[in-house]
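Asks:
2 protein chains.
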Amino acid sequence: MLEKSHKHITCLTCASRNNSLLGSLCTDEIDHVNAHKSCNYFKKHQSLFLEGSFPRGVFCINQGMVKIFQRGDEGKEQIIHIAKSGEMVGFRAMFSEEPYKVAAETLEESNICFIGKDDFLNMMDSNPVLRNGIIKELSKELSDRADFITNMAQKSVRERLAFTMILLMDVYDPEPINLSREDLANFVGTATETLIRLLKDFKEEGIIEVHTRKITVLNKEKLFSLAGK
Amino acid sequence: MLEKSHKHITCLTCASRNNSLLGSLCTDEIDHVNAHKSCNYFKKHQSLFLEGSFPRGVFCINQGMVKIFQRGDEGKEQIIHIAKSGEMVGFRAMFSEEPYKVAAETLEESNICFIGKDDFLNMMDSNPVLRNGIIKELSKELSDRADFITNMAQKSVRERLAFTMILLMDVYDPEPINLSREDLANFVGTATETLIRLLKDFKEEGIIEVHTRKITVLNKEKLFSLAGK
DNA sequence: TTTGAAATATGATGAAGGTCATTTTTTCAA
DNA sequence: TTGAAAAAATGACCTTCATCATATTTCAAA
Numbered sequence: 022m023l024e025k026s027h028k029h030i031t032c033l034t035c036a037s038r039n040n041s042l043l044g045s046l047c048t049d050e051i052d053h054v055n056a057h058k059s060c061n062y063f064k065k066h067q068s069l070f071l072e073g074s075f076p077r078g079v080f081c082i083n084q085g086m087v088k089i090f091q092r093g094d095e096g097k098e099q100i101i102h103i104a105k106s107g108e109m110v111g112f113r114a115m116f117s118e119e120p121y122k123v124a125a126e127t128l129e130e131s132n133i134c135f136i137g138k139d140d141f142l143n144m145m146d147s148n149p150v151l152r153n154g155i156i157k158e159l160s161k162e163l164s165d166r167a168d169f170i171t172n173m174a175q176k177s178v179r180e181r182l183a184f185t186m187i188l189l190m191d192v193y194d195p196e197p198i199n200l201s202r203e204d205l206a207n208f209v210g211t212a213t214e215t216l217i218r219l220l221k222d223f224k225e226e227g228i229i230e231v232h233t234r235k236i237t238v239l240n241k242e243k244l245f246s247l248a249g250k
Numbered sequence: 022m023l024e025k026s027h028k029h030i031t032c033l034t035c036a037s038r039n040n041s042l043l044g045s046l047c048t049d050e051i052d053h054v055n056a057h058k059s060c061n062y063f064k065k066h067q068s069l070f071l072e073g074s075f076p077r078g079v080f081c082i083n084q085g086m087v088k089i090f091q092r093g094d095e096g097k098e099q100i101i102h103i104a105k106s107g108e109m110v111g112f113r114a115m116f117s118e119e120p121y122k123v124a125a126e127t128l129e130e131s132n133i134c135f136i137g138k139d140d141f142l143n144m145m146d147s148n149p150v151l152r153n154g155i156i157k158e159l160s161k162e163l164s165d166r167a168d169f170i171t172n173m174a175q176k177s178v179r180e181r182l183a184f185t186m187i188l189l190m191d192v193y194d195p196e197p198i199n200l201s202r203e204d205l206a207n208f209v210g211t212a213t214e215t216l217i218r219l220l221k222d223f224k225e226e227g228i229i230e231v232h233t234r235k236i237t238v239l240n241k242e243k244l245f246s247l248a249g250k
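As structure tokens, then:
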């Protein structure tokens with residue numbers, strides 16, 4: 022159980038910061054962020070931002086899990102990304118100066134800090150390491166999304182599920198994957214019923230082990246060969 | 022017919038530059054680019070770079086059309102983007118310092134200039150307008166790709182074709198769309214046969230007009246309503 | 001601990017679209 | 001201009017997966 026008060030989390034000792042985009046900041050800069058950011062406790066299924074709203078800053082996940090998704094025409098969600106501790110969300114649309122085309126919502130209770138747009142942009146102007154880190158990150162994500170598109174277009178649901186599970190294993194490591202069947206289906210891009218049937222297959226084939234929601238991968242090798250990578 | 026010699030194209034008078042990312046450069050900077058770039062004539066179906074190779078700079082399309090694509094497991098191409106005059110290609114992987122995950126190939130004969138990696142990165146360091154333009158561009162593309170993924174996951178081939186045609190109308194404007202059936206299918210993410218059948222339907226419904234390869238949209242409204250946007 | 005609601009699971013069915021085989025048309029080089 | 005190769009088109013068939021209906025399990029609040 023996380024601390025539910027709005028206690029300030031100090032960036033300087035934030036365990037998630039080192040492997041994050043803000044890992045490059047010097048002590049002065051960290052102090053500045055620390056003084057200007059706000060910290061919030063989010064319940065499970067709480068929204069960080071909605072499609073159509075305008076970005077006012079960036080969210081920095083200290084502890085927790087956030088899904089980034091789009092709602093299609095019939096309201097069905099397509100999950101684009103799942104962000105975990107140390108990741109920053111919400112800055113992409115901030116740069117493009119357009120309203121969000123995706124929404125963000127916690128998957129579990131989380132501690133998430135918020136850095137205002139101006140503060141963040143100023144930091145980027147004055148800190149080339151941060152700036153280049155962001156550019157690199159954006160580029161990497163572009164290439165991940167190209168893979169995502171190609172998978173969607175050319176692979177069967179079964180193959181996509183294998184691919185998605187490999188991805189989720191890393192996200193949840195060392196814990197078992199813990200997502201609702203619906204979210205999982207919305208990540209793979211299929212109907213919930215189809216996903217459930219495939220999970221059953223995987224279970225029967227000894228690839229995974231399931232305890233209610235929690236999915237443990239038993240045979241990573243097989244998953245890789247199924248995903249075709 | 023384009024000029025086939027490797028004649029130097031001067032950036033200063035390049036008609037494609039104004040609405041490109043390099044539109045922000047001052048005269049000095051343009052002179053510098055102009056002095057350090059190389060210009061090349063590309064035949065139809067000529068490769069700019071391959072999946073797996075390392076980026077050595079950026080390509081700037083003076084005149085022509087380039088497809089950006091990935092090859093799936095069975096060799097089937099998935100087209101991710103079609104770039105036209107004024108666009109720059111090949112810089113995404115340059116920032117992420119990873120090998121290309123996509124390949125680029127001309128769709129028609131083209132004049133394309135090349136700016137080396139170091140020259141380009143130096144310009145980015147010293148020119149905030151260029152830099153921000155690039156960041157903005159990367160962010161926009163990320164959001165386009167999120168749409169692309171959601172479309173792939175949730176829409177029928179018919180709906181995706183409508184969506185793709187709207188996109189291609191802008192790319193080819195004011196000319197008719199001029200892509201092989203196979204490329205079109207590989208953009209929509211379907212089998213060539215399925216695509217051909219759907220084109221026939223669209224033709225019969227009066228949405229498009231076809232002269233061999235060339236497709237003219239007659240009823241843009243209908244396309245929009247089909248695409249569900 | 002009970003109870004109702006939400007999540008998960010299973011079955012039956014049909015449509016969308018992929019694959020393979022074959023024909024027709026277009027393109028391009030000799 | 002013609003002939004061969006590539007591209008486009010059509011047909012037949014069959015697999016994958018979405019949808020709808022319903023049953024069962026899990027969870028959380030009273």
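Listed in order, the protein sequences are those of chains A and B. With my numbering applied, the first sequence corresponds to residues 22 to 250, in that order. With my numbering applied, the second sequence corresponds to residues 22 to 250, in that order. We put the CB at the ideal spot given by N, CA and C, even for glycine.
(1) Measure the C-alpha to C-alpha separation of B:Glu242 and A:Lys64 and round it to an integer number of angstroms.
(2) What did DSSP end up calling A:Cys134 once you bin it into helix, strand or coil?
(3) Any heavy atom of the ligand GTP closer than 6 Å to the Cβ of B:Ala248?
(4) Rounded to whole angstroms, what is the Cα-Cα separation between A:Arg113 and B:Gly249?
(5) Can you tell me which of B:Glu72, B:Phe223, B:Phe90 puts its alpha carbon nearest to the alpha carbon of B:Glu180?
(6) Establish whether the CB of B:Met186 and some CB of chain A are separated by less than 7 Å.
(7) Applying the criterion that 16 or more other CB atoms from any shown protein chain within 10 Å of the CB defines a buried residue, is A:Ile217 buried or exposed?
(8) Is there at least one Cβ from chain A nearer than 7 Å to B:Val123's Cβ?
(9) Can the beta-carbon of B:Met109 be found less than 7 Å from the beta-carbon of B:Leu151?
(10) Would you say A:Lys221 and A:Asn199 are within 7 Å of each other, going by their C-beta atoms?
(11) Between B:Ala56 and A:Lys122, is the Cβ-Cβ spacing less than 7 Å?
(12) Looking at chain A, is there any beta carbon in it that lies within less than 7 Å of the beta carbon of B:Leu142?
(13) Give the straight-line distance between the Cα atoms of A:Ile89 and B:Asp49, rounded to the nearest whole angstrom.
(14) Starting from A:Thr185, trace the alpha helix (DSSP H) both ways and give me its first and last residue.
(15) Note down the Cα distance separating A:Ser177 from B:Met145, rounded to an integer number of angstroms.
(16) With distances taken between CB atoms, is the gap from B:Ser37 to B:Ser106 smaller than 7 Å?
(17) Would a C-beta distance cut-off of 7 Å place A:Val87 and A:Thr127 closer than the cut-off?
(18) Can you give me the start and stop residues for the beta strand (DSSP E) that B:Ser41 sits inside?
(19) Please confirm whether B:Glu162 has its beta-carbon closer than 7 Å to some beta-carbon of chain A.
(20) Taking C-beta to C-beta, are A:Pro149 and A:Phe75 nearer than 7 Å?
(21) Between the Cα of A:Pro195 and those of A:Val238, A:Phe208, A:Asp165, A:Glu226, spot the shortest distance and give me the residue it belongs to.
(22) Does the beta carbon of B:Gly44 sit closer than 7 Å to a beta carbon anywhere in chain A?
(23) With B:Leu159 as the anchor, note down where its alpha helix (DSSP H) starts and where it stops.
(24) Taking its Cβ as the centre, do 16 or more other Cβ atoms sit within 10 Å of B:Asp204, making it buried, or is it exposed?
(25) Give the C-beta separation of A:Thr185 and A:Val209 to the nearest angstrom, bearing in mind that I take them to be a contact with Cβ-Cβ under 8 Å.
(26) Do A:Leu219 and A:Leu182 count as a contact pair if the criterion is CB distance below 7 Å?
(27) If contact means a Cβ-Cβ distance below 7 Å, which residues of the region 90-115 of chain A contact chain B?
(28) Compare the C-alpha of A:Ile82 against each of A:Asp94, A:Asn39, A:Leu46 and name the closest.
(29) Fully enclosed by the region 53-115 of chain B, which beta strand (DSSP E) runs are 3 residues long or longer?
(30) Closer than 8 Å by beta-carbon distance: list the chain A residues that pair up with B:Leu159, in chain order.
(31) I'd like the span of the alpha helix (DSSP H) that includes B:Glu225, first residue to last.
(32) For B:Lys235, which of helix, strand or coil comes out of DSSP?
(33) Inspect the beta-carbon positions of B:Phe141 and B:Val79 and report whether they are closer than 7 Å.
(34) What residue from A:Arg202, A:Ala174, A:Ala206 has the CA that sits closest to B:Asn207's CA?
(35) Do A:Ile156 and B:Phe245 have their CB atoms nearer than 7 Å?
(36) On the criterion of 16 or more Cβ atoms from any shown chain inside 10 Å, does B:Cys47 qualify as buried, or is it exposed?
Replies: The short version:
(1) 43 Å
(2) strand
(3) Absence of the ligand GTP from the depicted structure is noted, as is the absence of any ligand whatsoever, leaving it without description.
(4) 25 Å
(5) B:Phe223
(6) no
(7) exposed
(8) yes
(9) no
(10) no
(11) no
(12) no
(13) 43 Å
(14) 178-193
(15) 42 Å
(16) yes
(17) yes
(18) Neither: B:Ser41 is in no beta strand (DSSP E) and is coded neither H nor E.
(19) yes
(20) no
(21) A:Val238
(22) no
(23) 149-175
(24) buried
(25) 5 Å
(26) yes
(27) Gln91, Gly93, Asp94, Lys97, Gln99, Ile101, Arg113, Ala114
(28) A:Asn39
(29) 59-63, 68-70, 78-84, 86-92, 98-105
(30) Phe116, Ile156, Leu159, Ser160, Leu163
(31) 213-225
(32) strand
(33) yes
(34) A:Ala174
(35) no
(36) exposed
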